[in-house]
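Peer 1: What follows is a single structure, and I will ask about it in a moment.
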Ligand SMILES: Cc1ncc(COP(=O)(O)O)c(C=O)c1O
């Protein structure tokens, strides 16, 4: 019996195949965001067929107008000609300290709240400083899946890292798994994002307690990446100085850095600003490795006056005014910064419904039994297909997304980013996935 013919794909397979060859990609599962973006853009140009772009984690909303206004005013007042203080302008330091109290319920004095040129720079500086504290602790631990560029930062600086996928280790299973790494004594700092890029899982308080307490026990610095600050929309985290707060492992340990980015929560990615909030104990802690290298200093002073100074000598003056104004308004209860970005949650809800209806499954689908929040990302898989095969196959349907392989996940699937979806694309996606489903059945 002959197999039924599969229907034509929306995008000519040959066009995509030729481009993949041209880019020299032999394993599509390992293709980077930039490569997939470039192939999608070229295929779009060659065929005139619009791609539904889900690979880039770039904010798709307008920048907070409050930040823009404050920044323009700062520029007009003349700050552009003046170096900003490397520690950060006082207004931003004060408002950051208030912000972490208001929305995370932790106390970090203004001194420890330091602006960075995006939390990307914050992690680079935090990794570097952590790696200089103790010569026996020469490795950073990633609780994956994660943001691939952070591993690249360690490759750039020649530092070692280890990682594990949390998929099988949620809840109390995390204790033994995490301890198996920390007890070896070589881990200087550990990092994870929460909510998580790419899976959008949000760790529960009991998991954060395990992480914090183990960091305390094994004297490991906690680096908590809050790039998607308070964007777990299942709970209303938008009220300053009122529970519920953004959950954090900082409640359970002394030595931590909270990395808060303005990029996503305030749609302010272009101005490259975030804050590294260093706990008071860590800021003032002396380490043998630091004393040997610099002759003096603490973790905090090294982070700011040695590392940040060497990297960029501070952060754009006007952007600091923008973030100070946004934090102040949020702290004063005059600006609900989460109301704008809630749009990502609405998009995720619609997109998930379409993918699930066409036979896809969510990969990371729950937080200890509770369905994950709808937000900036989610992860999908299709029965019987590897992540690499699925991401390549979907390119023929004009849908671009990265494979989870690139994120340190050991699961098969794709990361879907909701930020670049336009209203007319839900119907488009529905139609294309219908053809995809029919073609899979015929195979
Ligand atoms: C988990 C995570 N951390 C950090 C960043 C970088 O943020 P920033 O723009 O503040 O450098 C991102 C951006 O996508 C991210 O997803």
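In this note's numbering, the protein residues as written are 272 to 714. Positions of the beta carbon are idealized from the N, C-alpha and C atoms, including for glycine.
Which value, in whole angstroms, describes the spacing of the CA atoms of residue 286 and residue 619?
Peer 2: Taking the chain shown and counting its residues from 1, the one referred to as residue 286 is at position 15. Taking the chain shown and counting its residues from 1, the one referred to as residue 619 is at position 348. The straight-line gap from Cα to Cα measures roughly 29 Å.
Peer 1: State the DSSP-derived secondary structure class of residue 572, mapped to helix, strand or coil.
Peer 2: As a working note, residue 572 is residue 301 in the chain shown. DSSP places residue 572 in helix when its eight states are reduced to three.
Peer 1: So the candidates are 629, 430, 600, 391; which of them puts its Cα closest to the Cα of residue 373?
Peer 2: Start at 1 with the first residue of the chain shown, and residue 373 comes out as number 102. Checked all of 629, 430, 600, 391; the closest Cα to residue 373 is 600.
Peer 1: Less than 7 Å separating the Cβ of residue 464 from some heavy atom of ligand 1?
Peer 2: As a position in the chain shown, residue 464 is number 193, starting the count at 1. Under cutoff, so the answer is yes.
Peer 1: Rounded to the nearest angstrom, how far is the Cβ of residue 497 from that of residue 518, given a contact under 8 Å?
Peer 2: Start at 1 with the first residue of the chain shown, and residue 497 comes out as number 226. Start at 1 with the first residue of the chain shown, and residue 518 comes out as number 247. About 10 Å; that fails the 8 Å criterion.
Peer 1: For residue 408, report the span of its alpha helix (DSSP H) as first-last.
Peer 2: Counting from 1 along the chain shown, the entry for residue 408 is found at position 137. It is not in any alpha helix (DSSP H) - residue 408 carries neither H nor E in the DSSP assignment.
Peer 1: Got a sec: does ligand 1 put a non-hydrogen atom nearer than 7 Å to the Cβ of residue 626?
Peer 2: Sequence index remark: in the chain shown, residue 626 carries index 355 (1-based). No, the Cβ of residue 626 stays beyond 7 Å of every heavy atom of ligand 1.
Peer 1: Would you check whether ligand 1 has a heavy atom nearer than 7 Å to the C-beta of residue 496?
Peer 2: To locate residue 496, count along the chain shown from 1; it is residue 225. Yes, the Cβ of residue 496 comes within 7 Å of a heavy atom of ligand 1.
Peer 1: In the structure shown, what three-state DSSP assignment does residue 329 receive?
Peer 2: Within the chain shown, residue 329 is the residue found at index 58, counting from 1. Residue 329 falls in the coil class under three-state DSSP.
Peer 1: Relative to ligand 3, is the shortest distance from any of its heavy atoms to the C-beta of residue 656 smaller than 7 Å?
Peer 2: Absence of ligand 3 is noted for the structure shown, with ligand 1 being the only ligands found.
Peer 1: Whose C-alpha, out of 709, 682, 668, is nearest the C-alpha of residue 215?
Peer 2: Only positions 272 to 714 of the chain appear in the structure, and residue 215 is not among them; the question remains open.
Peer 1: In whole angstroms, give me the CA-to-CA distance for residue 508 and residue 541.
Peer 2: Here residue 508 corresponds to residue number 237 of the chain shown, with the count starting at 1. Here residue 541 corresponds to residue number 270 of the chain shown, with the count starting at 1. Residue 508 and residue 541: Cα-Cα distance of roughly 25 Å.
Peer 1: Please return the same chain residues whose Cβ sits closer than 7 Å to the Cβ of residue 272, not counting the five positions on each side in sequence.
Peer 2: What you label residue 272 is simply residue 1 of the chain shown in a count that begins at 1. Here the model assigns residue 272 a pLDDT of 45, short of 50, so the residue's position is not dependable and the matter cannot be decided.
Peer 1: Just the C-alpha distance for residue 415 and residue 348, rounded to the nearest angstrom, thanks.
Peer 2: Numbered from 1 along the chain shown, position 144 holds the residue referred to as residue 415. Numbered from 1 along the chain shown, position 77 holds the residue referred to as residue 348. Each residue's alpha carbon lies about 44 Å from the other.
Peer 1: Residues in the same chain with beta-carbon distance under 6 Å from residue 370, minus the five sequence neighbours each way, listed in chain order, please.
Peer 2: Residue numbering aside, residue 370 sits at position 99 when the chain shown is read from its first letter. Same-chain partners within the cutoff: 598, 602.
Peer 1: Are at least three pairs of beta-carbons, each pair with one atom in the region 547-557 and one in the region 566-579, less than 8 Å apart?
Peer 2: A contact exists between the region 547-557 and the region 566-579.
Peer 1: Do you know whose CA, among 665, 661, 670, lies nearest residue 676's CA?
Peer 2: By 1-based counting over the chain shown, the position of residue 676 is 405. It is 661 whose Cα lies nearest to the Cα of residue 676.
Peer 1: Step through the CB atoms of chain B and report whether any lies within less than 8 Å of the CB of residue 438.
Peer 2: Included in the structure is just one protein chain, with no chain B present.
Peer 1: Pick out whichever of 678, 339, 562 has its Cα sitting closest to the Cα of residue 406.
Peer 2: Taking the chain shown and counting its residues from 1, the one referred to as residue 406 is at position 135. Of the candidates 678, 339, 562, the one whose C-alpha sits nearest the C-alpha of residue 406 is 562.
Peer 1: So the candidates are 488, 472, 524, 389; which of them puts its Cα closest to the Cα of residue 501?
Peer 2: For this step, residue 501 is matched to residue 230 along the chain shown. Looking at the Cα atoms, 472 is the closest of the given residues.
Peer 1: Assuming residue 435 is part of the beta strand (DSSP E), what are its boundary residues?
Peer 2: In the chain shown, counting from the first residue as 1, residue 435 sits at position 164. Its beta strand (DSSP E) spans residues 431-436.
Peer 1: Which of helix, strand or coil does DSSP assign to residue 532?
Peer 2: Counting from one through the chain shown, the residue named residue 532 turns up at place 261. Looking at residue 532 - three-state DSSP - the assignment turns out to be strand.
Peer 1: Hey, quick one: how far does the alpha helix (DSSP H) through residue 560 stretch, first residue to last?
Peer 2: Along the chain shown, read from residue 1 onward, the residue named residue 560 stands at position 289. Looking at the DSSP string, the run of the alpha helix (DSSP H) that includes residue 560 is 559-565.
Peer 1: Comparing C-alpha positions only, which one of 330, 454, 493, 686 sits nearest to residue 462?
Peer 2: The residue you call residue 462 lines up with position 191 of the chain shown. For the residues 330, 454, 493, 686, the minimum Cα distance to residue 462 belongs to 493.
Peer 1: By DSSP, does residue 272 sit in helix, in strand, or in coil?
Peer 2: Start at 1 with the first residue of the chain shown, and residue 272 comes out as number 1. With a pLDDT of only 45 at residue 272, under 50, the local geometry of the prediction cannot be trusted, and the value read off the model is given with reservation. Note: residue 272 maps to coil in three-state DSSP.
Peer 1: Judging by CA-CA distance, which residue of 536, 443, 511 is the nearest neighbour of residue 465?
Peer 2: Position 194 of the chain shown, counted from the start, is the residue given in the question as residue 465. Answer by Cα proximity: 536.
Peer 1: Indicate, with yes or no, if ligand 1 has a heavy atom lying under 7 Å from the CB of residue 710.
Peer 2: Residue numbering aside, residue 710 sits at position 439 when the chain shown is read from its first letter. Result no, Cβ not under 7 Å from ligand 1.
Peer 1: How about residue 418: is its Cβ closer than 7 Å to a heavy atom in ligand 1?
Peer 2: Translated into the one-based positions of the chain shown, residue 418 becomes position 147. Yes, since a heavy atom of ligand 1 falls inside the 7 Å radius drawn around the Cβ of residue 418.
Peer 1: Using the Cα positions of residue 611 and residue 495, report the straight-line distance between them to the nearest angstrom.
Peer 2: Looking up residue 611 in the chain shown gives position 340. Looking up residue 495 in the chain shown gives position 224. Approximately 24 Å, taken between the alpha carbons.
Peer 1: As an exercise, report each continuous beta strand (DSSP E) stretch of at least 3 residues that is fully enclosed by the region 617-698, in chain order.
Peer 2: You should have 648-652, 685-688.
Peer 1: Between 402, 413, 388, 281, which lies nearest to residue 255 when the distance is taken from Cα to Cα?
Peer 2: A question about residue 255 goes unanswered here, because the residues of the chain that appear run from 272 up to 714.
Peer 1: I'd like the list of long-range same chain contacts for residue 703, defined as Cβ closer than 8 Å, with 5 residues on each side in sequence excluded.
Peer 2: Your numbering for residue 703 matches position 432 in the chain shown. Contacts found: 281, 323, 668, 669, 670.
Peer 1: Can you tell which of 451, 338, 442 has the C-alpha that lies nearest to the C-alpha of residue 477?
Peer 2: Against the chain shown, residue 477 aligns to sequence position 206. Comparing Cα-Cα distances from residue 477 to each of 451, 338, 442, the minimum goes to 442.
Peer 1: Quick one: any contact between the region 645-660 and the region 682-693, if contact means 3 or more CB pairs under 8 Å?
Peer 2: Output reads yes: the region 682-693 touches the region 645-660.
Peer 1: From residue 708 to residue 539, what does the alpha carbon distance come to, in whole angstroms?
Peer 2: For the purposes of this step, residue 708 is taken as residue 437 along the chain shown, with counting starting at 1. For the purposes of this step, residue 539 is taken as residue 268 along the chain shown, with counting starting at 1. Going from the Cα of residue 708 to the Cα of residue 539 covers about 38 Å.
Peer 1: For ligand 1, any of its heavy atoms closer than 7 Å to the Cβ of residue 567?
Peer 2: As a working note, residue 567 is residue 296 in the chain shown. It does not: the Cβ of residue 567 is nowhere closer than 7 Å to a heavy atom of ligand 1.
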